[in-house]
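Participant:
Here's what the structure looks like:
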């Protein structure tokens, strides 16, 4: 009886052990499944990042090739280094080496910053050069306007001196005054052209306002000459026009 009781206890113990083992195995499978699920979830963003990084690397490579096509293109060297680092980051991300990929990504960002700085500096230099060339062009245009205005002013004085005792002009002087009126009107158009350029370029508001006044004065003189009146008023306004244009030339 004692032996049977002992056997029964051992059987129960074995059953418990098996049950416990089965439970452990079940839990082990559950833990393994959970671990695999966590790993899969962890890999998903890395894979997505790797894909995105690969796309960015391709874009950077394209940009690098475009910049490298011109030997003197600013920023081409650091852009090449950035493209290389981005490709390395994509490869490491695809292998799940996110830590190492971060270093490559940081390096790529640093190199792109250098490329951007070089490009910005080059752009600034080009803008300054363009501005200087534009100012030189405006200076030349104003110089020509001044020379032509001086010629019109001189002809106005000469014609006025030929006025008859009754303040009338001979046929030749009348024709000359009509020509001078048209010349003054053409000068007003040229001044408006310069003013439009300055306005478009966003230059000094003072300059554009002065040129607007000069154009208005020229149009007033045009009307006086057309009315056969080259006297004191017309000549005084012409002198003011010349002074304003000379001041602008000195300020450019």
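Numbering (our numbering), first residue to last: 10 to 261. Even glycine gets a Cβ: it sits at the ideal position worked out from N, Cα and C.
1. Whose CA, out of 57, 178, 90, 107, lies closest to the CA of residue 72?
2. Residue 178 to residue 193, Cα distance in whole Å?
3. State the start and end residues of the unbroken alpha helix (DSSP H) segment that holds residue 181.
4. Please report the distance separating the alpha-carbon of residue 204 from that of residue 135.
5. According to DSSP, simplified to helix, strand and coil, what is residue 257?
6. Please state whether DSSP places residue 84 in a helix, a strand or coil.
7. Is the beta carbon of residue 157 sitting closer than 8 Å to the one on residue 196?
8. As a quick exercise: from 183, 206, 261, pick the residue whose alpha carbon is nearest that of residue 235.
9. Please state the DSSP three-state secondary structure of residue 105.
10. Can you tell me the Cα-Cα spacing of residue 47 and residue 92, whole angstroms?
11. Have a look at residue 258 and residue 154 and give me their C-alpha separation to the nearest angstrom.
12. Three-state secondary structure (DSSP) at residue 175?
13. Under a three-way DSSP split, which group does residue 235 fall into?
14. In chain order, what residues of the same chain lie with their CB nearer than 6 Å to the CB of residue 3, ignoring the 5 residues before and after it?
15. Please report the Cβ distance between residue 131 and residue 83, rounded to the nearest whole angstrom; I am assuming they are in contact, meaning their Cβ atoms lie under 8 Å.
16. Would you tell me roughly how many angstroms separate the C-alpha atoms of residue 111 and residue 81, rounded to the nearest one?
17. By a C-beta neighbour count over all protein chains shown, 10 Å radius and 16 as the cutoff for buried, is residue 160 buried or exposed?
18. What's the call for residue 96, buried or exposed, on a 16-neighbour Cβ count within 10 Å?
19. Around the C-beta of residue 162, are 16 or more other C-beta atoms found within 10 angstroms, so that it is buried, or is it exposed?
20. Out of 248, 216, 113, point me to the one whose CA is closest to residue 147's CA.
21. Near residue 233, which residues of its chain fall below 6 Å by C-beta distance, leaving aside the five closest residues on each side in sequence?
22. Measuring straight from C-alpha to C-alpha, what distance separates residue 191 and residue 218?
23. Using a Cβ-Cβ cut-off of 8 Å (strictly less than) and excluding sequence neighbours within five positions of residue 173, which residues of its own chain qualify?
24. Please state whether the Cβ-Cβ distance between residue 206 and residue 226 is less than 8 Å.
25. Compute the Euclidean distance between the alpha carbons of residue 240 and residue 231, then round it to the nearest angstrom.
26. Classify residue 170 as helix, strand or coil using the three-state DSSP reduction.
Facilitator: Considering the structure as presented:
1. On the chain shown, position 63 is the one that residue 72 refers to. Comparing Cα-Cα distances from residue 72 to each of 57, 178, 90, 107, the minimum goes to 90.
2. Translated into the one-based positions of the chain shown, residue 178 becomes position 169. Translated into the one-based positions of the chain shown, residue 193 becomes position 184. C-alpha separation (whole angstroms): 19 Å.
3. Within the chain shown, residue 181 is the residue found at index 172, counting from 1. Its alpha helix (DSSP H) spans residues 180 to 209.
4. Along the chain shown, read from residue 1 onward, the residue named residue 204 stands at position 195. Along the chain shown, read from residue 1 onward, the residue named residue 135 stands at position 126. It is roughly 23 Å from the alpha-carbon of residue 204 to the alpha-carbon of residue 135.
5. Position 248 of the chain shown, counted from the start, is the residue given in the question as residue 257. Three-state result, residue 257: helix.
6. Within the chain shown, the letter at position 75 stands for residue 84. In the structure shown, residue 84 sits in coil (DSSP, three-state: anything other than H, G, I, E or B).
7. Within the chain shown, residue 157 is the residue found at index 148, counting from 1. Within the chain shown, residue 196 is the residue found at index 187, counting from 1. Contact: yes.
8. The residue given as residue 235 occupies position 226 in the chain shown. Considering only alpha carbons, the answer is 183.
9. Along the chain shown, one-based indexing puts residue 105 at 96. Three-state result, residue 105: coil.
10. For this step, residue 47 is matched to residue 38 along the chain shown. For this step, residue 92 is matched to residue 83 along the chain shown. Low confidence applies here, because residue 47 scores a pLDDT of 39, under 50, leaving its location unreliable; read the following figure in that light. Using only the alpha carbons, I get a separation of about 32 Å.
11. Stepping through the chain shown from its first residue, residue 258 is reached at position 249. Stepping through the chain shown from its first residue, residue 154 is reached at position 145. Taking C-alpha positions only, residue 258 is separated from residue 154 by approximately 11 Å.
12. In the chain shown, residue 175 corresponds to position 166, counting from 1. DSSP places residue 175 in coil when its eight states are reduced to three.
13. Counting from 1 along the chain shown, the entry for residue 235 is found at position 226. Note: residue 235 maps to helix in three-state DSSP.
14. The displayed coordinates of the chain run from 10 to 261. Any statement about residue 3 would go beyond what the structure contains.
15. On the chain shown, residue 131 is found 122 positions in, with the first residue counted as 1. On the chain shown, residue 83 is found 74 positions in, with the first residue counted as 1. Yes, they are in contact, since the Cβ atoms of residue 131 and residue 83 sit about 4 Å apart, within 8 Å.
16. For this step, residue 111 is matched to residue 102 along the chain shown. For this step, residue 81 is matched to residue 72 along the chain shown. In a straight line, the C-alpha of residue 111 is about 31 Å away from that of residue 81.
17. Stepping through the chain shown from its first residue, residue 160 is reached at position 151. With fewer than 16 other Cβ atoms within 10 Å, it is exposed.
18. The residue labelled residue 96 in the question sits at position 87 within the chain shown. Result: buried.
19. Here residue 162 refers to the residue found at position 153 when the chain shown is read from its first residue. So residue 162 ends up on the buried side.
20. On the chain shown, position 138 is the one that residue 147 refers to. The shortest Cα separation from residue 147 among 248, 216, 113 belongs to 216.
21. Taking the chain shown and counting its residues from 1, one reaches residue 233 at position 224. So the qualifying residues of the chain are 243.
22. The sequence position of residue 191 within the chain shown is 182, counting from 1. The sequence position of residue 218 within the chain shown is 209, counting from 1. Approximately 23 Å between the Cα atoms of the pair.
23. Numbered from its first residue, the chain shown carries residue 173 at position 164. These residues qualify, in order along the chain: 179.
24. Your numbering for residue 206 matches position 197 in the chain shown. Your numbering for residue 226 matches position 217 in the chain shown. Contact flag unset, no.
25. On the chain shown, position 231 is the one that residue 240 refers to. On the chain shown, position 222 is the one that residue 231 refers to. C-alpha separation (whole angstroms): 13 Å.
26. Counted from its first residue, the chain shown places residue 170 at position 161. Three-state result, residue 170: coil.
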